[in-house]
Structure formats: structure tokens, C-alpha cells
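Input: a single structure, listed below in C-alpha cells.
Set out below in C-alpha cells:
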């Protein structure tokens, strides 16, 4: 056998979720119909799989459902057998579905009364071959709570003119006019009712007036319980019945008569009825329609008429007159006036429209985010700006950086397995002609005038410089930013190559960059202090100004960068040796202290 289940994409199946509002916006219901084989793993011979949204009305008695009818049926076929075969096997499978109903959909709201019930259901049905003792159909249902949000239909106004009540028509005791609201009203709406009275005796006055809103529930005449809950064309053989079936009793004259059930919904009363000009009495009473606590409580209902039941609402008014001469009181019941009630008031309807519009806007925004974004426009200014640290970390390309052991007291960190600073700079210069490399620790600015030759000449000149072991940055003014250890300001060798040779702060000969014939002037502005160990450094701030358009670019040799890295490693090794000496001194001190304690103890 096959197990049938009905699942919702979100929420519980106690009340099937849905999107939209009945009779106001499109109603969308989504879910999945699942079939699973049992432990025997035997498929089921079936014809089709359907899912449907249906509305039922049922007459409920002491022993269960006595009568039921189908009001709305909207079915969709999810799977069907091949045309040339009578049936096909069904095994494990998922069949998602999406039902979209139009706004103008018939069917009342979900409601439960003492003897009557209206409910909506999502049903998954498998029509299979007849099985003895089982039937030909498997059904899985789930209730869905729906409320109508339409504005209803207005009732025609009352006939103009005066109505009368009391004594013979030749001399009535009281004439009156009642003006109830003609527009449909919903829960929490106010019901204003205006009255105008004209007693036949001028000395008579009205002592009190009361109005009651009644719900009158009437089962239509000639209706009798049906044998099945489904529609009349359905086969009674089914593996799952919707409600408990009962054998219909024979119709009788008593059951053919309509049964009316009256319930009081709201009431209002007043004892102050003022007299106006012309001896008339005017008064307006206001009632408020209550709101049901929840869908599981008894419903108030709405004005409706089906084949099974008629539900209407009336205003019943009672007036009490007082006769001053005799001191007698007399009460009269005025003619009942009908009003129209709906399931949702105007404010709820507006709020539902706003919610639906917001949901549509969110859905459109989600669909827009899912679309592929257009490729970003190339920005040559930003594409040629890169940091030296990023180049070293990525090896000049999009390669994964291999993790290395950090520098600790136990030893130096591992050597870089990727590209070194020298190779990165040379590769970056090859890939990007007008490269602008920057670092957060220092700055070297070089100016290169625009060449009068073509692009091919600049390429050949750059290749020649690379072959000689020098990294040259051709093209427009370029900047090379290198890390700097803050120290003294070293004069540029092109300006003062041998100034003060005995100065301990001068760079060693093997660390000096090769001299160039440049007409560029450098201005060194830094506040530094000298240190004992000469470390190759560059001033942290330099401003470059080009004095001649034919000046050559300032080279930065890879040997200079390598010397800077070697000096950093030497300082780190020296720091490690000092740390080891401190640790050895502390260990020897502890051992000597333990020996002294032993000798004192002996």
C-alpha cells in the first residue's frame, strides 16, 4: 500500500496556510502531496492524483452530520496515467502544487454554529483501482480557514411614508418611520437606527424604546439528509470518508417545515425620547456588532442563502407609550427591519489590501534580487592601485596563501613559500605597465614624464631595465610605497653621493641604490632620531616635484629590498637569542636556589 500525506511549505497543517484574501485578492495555496510505500514496498495501481480546494456546508445534529452539500470545488490534476494504459504504478513521490483562485470566488466564510457548519478544505485524492474492503479512492484532507472580504450587497431602502401600529387603521395609536442603515456592516461596526414617532393623541408620550439585533437561522423547506458528504455524482465507495455517514430517515411532514433558530446579537435601549416641533418624537439608537473571539468559537455569521440554509439579520424594535389621563402603559412591537451583515468591515478590508500590496512588493523585490547582477564597469584608476602586502599575500595572482608558523620565542617563523617581495614587484611591473604600489608604512614618489615615443619604445625600454636587474615604473607619474622602519632621514645618493663619509648614519656602500642622472628635486621632511645600528630606511614623507619634463624615472633595485628584508631577519634572530639567554638565566637561578635550600637542610 501507499501512504498519502499533504504538507505545507511552511506552518502547520492544522490550518493550511494560504496567501491572499478570499473575494478581495487572488488566493494562492501551495503545498506538496507525498506518497510513500509501506514496508511491503508494493506500488499502488492508480489512475490519477488530484488536489482540490473545496467548500462544504453541513447540518449537524446530536448524532453527527445529518446533511451536507458541496458549495465550491476547484480541483487540479497532479499526475495521470498514460492514455493507452488503464492504470499505472505509484510509489514514493512528491508532487508540489499551487492553486491560484480569482478574487470573485463564490463561497461563504468559514463558520461554525450549533446546528450548522461551513468549512473549507484542501484535499489530496488518489483514484486507484477498486480494492475489496478499501474502495477506489484515498483522500487526505486539511482544513483551511477562509474569510470573505468583499463589500457585500446593499439592501433596498424601506418604503417611504409612515407605518402604523396599535388600534384600527382608521385611528392608529402610533405612526412611525424607521431608517436603518442600508450598507453592509461587519464586526465592530456601529449600527445607527433613526426613529420618528407621531402619536395619535397629543397628550401621549413615549417612555422607552429598545432595539435588538437578531440572527434568524432557517433551514430551507424540503431539504432532507443526503447519503454521502460528497457531491451527488460521487461513488459511495471510498477508502476515506470525510464525515460520519448516517442512513437518512424517511421524510415527514414535520421535517418538511422550515425550522427557524433566533439568536440575539446586540441590543440598545433608551428612556429619553425628546419631543420636537409638531408633536413628533425623534430618537437615534446605536448598536455595535460584536466580534467573535476566534474561528474555534461560535460564529456570528453573515447574510447568506444556500440550498440548505438561509441566514438573515433583523432589527426588532419595541416602543412603550404612556397615557397621562389614565396612567396606563402600552407596548407595541414595530415591524422588523432587515440589515445586511458581512464577515469583514471596511477597515479590515482596507488593511487587507495594504497587506496584499506589501506582500506583492516584497515578492517583486525578492525576484529582482535573484536576477544576475550586471558585471561591474572597469575602473582603470582603481584597477592599477594595489598594495605590496596584497601582492605578496596573493603571490601576484589569485593563488591561495599557504599558512606559516608565526614568529615566537621558540624560533623564527617559516620562510614564505610563495613569491618573495622581489619577484612580486617584478611580476606586478610586467603585468601592469602603469602600476601604482602603495604600503601603509612609507612612501617613495617618483616622477616619469610622458614619453614622446610610442608605446613599443616604452615597452622595450622597460624590458631592458628589467634585464639589468632594475625595476622601473614607466608611464605617467607613478608611486612606489614600501614599508619603512622609522629612523633617520638619509640623503639621496644622486644629490650627495659622498657627503660626510665618517657619518655613522650613512648607508653602507653595498646598500646604496645605483646613482641616476635625474633632474628631479626631493624634499625630505621628517622628524627622526638616529639609532646605533644602521638600518636601510626611507623617509616617511617625501614630496616630489619634477623640474624637467625629460627627467628619467627613479629606479628601485631588488637588491635594496632584499637587504632590507635580511636586516629585519637579523634583528629578529638577535631578539630570539636574547630571549633564550634570559630564559637560561632564569633556569640557572632556580636550580641554584634549590641547591642552597638542600645544603641548608643538611
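Numbering (full-length UniProt numbering), first residue to last: 1 to 602. Every residue gets a Cβ at the ideal spot worked out from N, C-alpha and C, and that includes glycine. None of these values were measured; they are calculated from a predicted model.
Integer-rounded CB distance, given that residue j should sit under 8 Å from residue i
i           : j           : result
residue 271 : residue 207 : 7 Å
residue 603 : residue 281 : A query on residue 603 cannot be resolved here, the shown segment of the chain reaching from 1 to 602 and no further.
residue 217 : residue 311 : 6 Å
residue 178 : residue 317 : 7 Å
residue 33  : residue 97  : 6 Å
residue 110 : residue 71  : Not a contact, Cβ separation roughly 12 Å.
residue 203 : residue 325 : 7 Å
residue 30  : residue 186 : Actually they are not in contact, since the Cβ atoms of residue 30 and residue 186 sit about 29 Å apart, beyond 8 Å.
residue 105 : residue 23  : 6 Å
residue 330 : residue 321 : 5 Å
residue 259 : residue 219 : 5 Å
Pairwise C-alpha distance: residue j and residue i
i           : j           : result
residue 279 : residue 192 : 23 Å
residue 142 : residue 308 : 24 Å
residue 90  : residue 56  : 29 Å
residue 184 : residue 155 : 8 Å
residue 68  : residue 215 : 22 Å
residue 575 : residue 561 : 22 Å
residue 364 : residue 134 : 47 Å
residue 5   : residue 52  : 14 Å
residue 25  : residue 173 : 52 Å
residue 116 : residue 40  : 43 Å
residue 9   : residue 95  : 12 Å
residue 101 : residue 120 : 14 Å
residue 81  : residue 126 : 12 Å
residue 107 : residue 343 : 12 Å
residue 287 : residue 267 : 6 Å
residue 165 : residue 209 : 15 Å
residue 180 : residue 284 : 10 Å
residue 58  : residue 161 : 42 Å
residue 158 : residue 295 : 34 Å
residue 301 : residue 264 : 12 Å
residue 454 : residue 572 : The predicted position of residue 454 is uncertain, since its pLDDT is 48 and thus under 50; no value can be drawn from it.
residue 123 : residue 362 : 29 Å
residue 64  : residue 293 : 25 Å
residue 130 : residue 304 : 40 Å
residue 337 : residue 175 : 16 Å
residue 252 : residue 262 : Residue placement at residue 252 cannot be trusted, given a pLDDT of 48 that sits under 50; what the coordinates show is reported in the next sentence. Distance between the alpha carbons of residue 252 and residue 262: 23 Å.
residue 2   : residue 128 : 11 Å
residue 323 : residue 205 : 7 Å
residue 7   : residue 152 : 34 Å
residue 607 : residue 319 : Examination of residue 607 is not possible in this model, given that the chain is present from 1 through 602 alone.
residue 149 : residue 275 : 42 Å
residue 385 : residue 578 : The predicted model places residue 385 with a pLDDT of 47, which falls under 50 and marks its position as unreliable, so this point remains unresolved.
residue 638 : residue 559 : Because the chain here runs from 1 to 602, residue 638 falls outside it and cannot be looked at.
residue 198 : residue 333 : 15 Å
residue 306 : residue 182 : 22 Å
residue 291 : residue 346 : 14 Å
Residue(s) in a DSSP beta bridge with residue i
i           : result
residue 317 : 211
residue 196 : 177, 282
residue 107 : In DSSP, residue 107 forms no bridge with anything.
residue 87  : Answer is none; residue 87 lacks a bridge partner.
residue 131 : 135
residue 120 : 55, 144
residue 3   : 36
residue 67  : 59
residue 96  : 32
residue 270 : 209
residue 323 : 328
residue 80  : 48
residue 73  : 54
residue 216 : 262, 312
residue 342 : DSSP, once it has assigned bridges, lists no residue as partnering residue 342.
residue 203 : DSSP output for residue 203 lists no bridge partner at all.
residue 304 : 311
3-residue-minimum beta strand (DSSP E) runs that sit fully inside the segment 138 to 165, ordered along the chain: If we require 3 residues or more, the beta strand (DSSP E) runs fully inside the segment 138 to 165 come out as 163 to 165.
Evaluate the contact criterion for the segment 40 to 57 versus the segment 74 to 92: three or more CB pairs, one atom per stretch, below 8 Å. At 8 Å Cβ cutoff, the stretches touch.
Is the segment 194 to 206 touching the segment 352 to 366, taking contact as three or more C-beta pairs under 8 Å? Output reads no: the segment 352 to 366 does not touch the segment 194 to 206.
Please list the segments of the beta strand (DSSP E) lying wholly inside the segment 19 to 50, counting only runs of 3 or more residues, in order along the chain. Given a length threshold of 3 residues, each whole run of the beta strand (DSSP E) inside the segment 19 to 50 is given here in chain order: 27 to 37.
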